[in-house]
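Count along the sequence shown starting at 1, add 8, and that's the number in the working numbering. No residue lacks a Cβ here, since even glycine has one placed at the ideal position from N, Cα and C.
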Amino acid sequence: MSGTRGAPLPFSCTCGKLQGQITASGVSSGTHVVCYCRDCRAGQLYFGQPDPAPGPVNIFHLSPEAIHISKGAEYLAAMRLSPKGMYRWYAKCCRAPIATTSTTPKIPFAAIDINRIADKDRLGPVSTRGFVPQPDGRQKHEKLMSAATGLLGRVIKSRVSGSWRKTPFFDPETGEPVVTPTVLDRAERATYYD
């Protein structure tokens with residue numbers, strides 16, 4: 009990792025209209041993950057990103073309160089692959105995926121797309137691989153305990169401290185998303201799955 013370990017970690021959309029930073033504590037408590045699931049791939053395809061298959065989508069799990077948008081919040085938009093799906097946040101200016109969150113701020117989870125981060129070395133090595141395809145057609149998680157314990161620790165800390173309310177993605181009073189998400193219908197969703 010580089011010498012700027014204790015500093016916030018900048019991120020931005022592709023065109024630079026939406027910018028922000030991850031707090032130093034968010035970087036140090038987060039978990040670097042790669043995910044092979046169909047939903048992560050479908051999200052990338054929806055946003056017009058290169059198809060990651062057969063490889064994974066590279067993400068960084070952290071608490072949403074560690075994400076701060078400093079410029080271009082008006083470009084923040086959201087999409088859901090289904091009516092009950094996770095929120096997939098993106099910059100509508102250039103359709104760059106920013107982060108995926110749970111459907112409620114009461115479950116403080118975010119997975120930021122590391123393609124938005126210039127200094128990826130600060131995230132450390134990948135510690136968990138999710139939904140890894142196996143020769144028999146099944147999927148397997150590798151080193152899941154690292155991601156699970158990290159998530160549990162962050163959720164408990166956020167819930168006990170009340171910091172889960174400090175998120176750029178949800179209104180702190182109502183718990184509703186800060187923008188109305190686009191929800192894909194079944195036919196549209198099918199175009200992003202094999």
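CB contact flag (residue i, residue j, <8 Å)
i: Val35; j: Arg130; result: yes
i: Pro176; j: Ala86; result: no
i: Gly28; j: Leu70; result: no
i: Pro133; j: His76; result: no
i: Ser110; j: Leu192; result: no
i: Glu7; j: Arg137; result: Nothing can be reported for residue 7: it is not among the residues displayed for the chain, which extend from 9 to 202.
i: Gly51; j: Arg96; result: yes
i: Cys43; j: Pro72; result: no
i: Leu159; j: Phe117; result: yes
i: Pro105; j: Phe55; result: yes
i: Ala99; j: Ile30; result: no
i: Ile67; j: Ile122; result: yes
Where the alpha helix (DSSP H) containing residue i begins and where it ends
i: Leu152; result: 152–169
i: Ser110; result: Per DSSP, Ser110 belongs to no alpha helix (DSSP H) and is neither H nor E.
i: Ala61; result: No alpha helix (DSSP H) contains Ala61, which DSSP labels as neither H nor E.
i: Glu196; result: 194–198
Contact belief for residue i with residue j at Cβ below 8 Å, rounded distance in angstroms
i: Pro58; j: Arg49; result: Wrong, their Cβ atoms sit about 11 Å apart, outside the cutoff.
i: Lys79; j: Leu26; result: 7 Å
i: Ile115; j: Ala107; result: Actually they do not touch by this definition, with Cβ atoms about 14 Å apart.
i: Leu53; j: Val186; result: Incorrect: roughly 25 Å between the Cβ atoms, too far for contact.
i: Pro228; j: Ala32; result: Residue 228 falls outside the range modelled here, since the chain spans only 9 to 202, and no answer is possible.
i: Gly183; j: Pro113; result: 6 Å
Simplified DSSP assignment, three categories, for residue i
i: Cys45; result: coil
i: Ser33; result: helix
i: Asp121; result: strand
i: Gln142; result: coil
i: Lys128; result: helix
i: Arg173; result: helix
i: Gly51; result: helix
i: Met9; result: Caution applies to Met9, whose pLDDT of 42 falls short of 50 and renders its modelled position unreliable; the model cannot decide the point.
i: Arg137; result: strand
i: Thr190; result: strand
Limits of the beta strand (DSSP E) - the one that residue i falls within
i: Ser20; result: 17–20
i: Val65; result: 65–70
i: Ala99; result: 95–99
i: Ala86; result: 84–88
i: Ser78; result: 75–79
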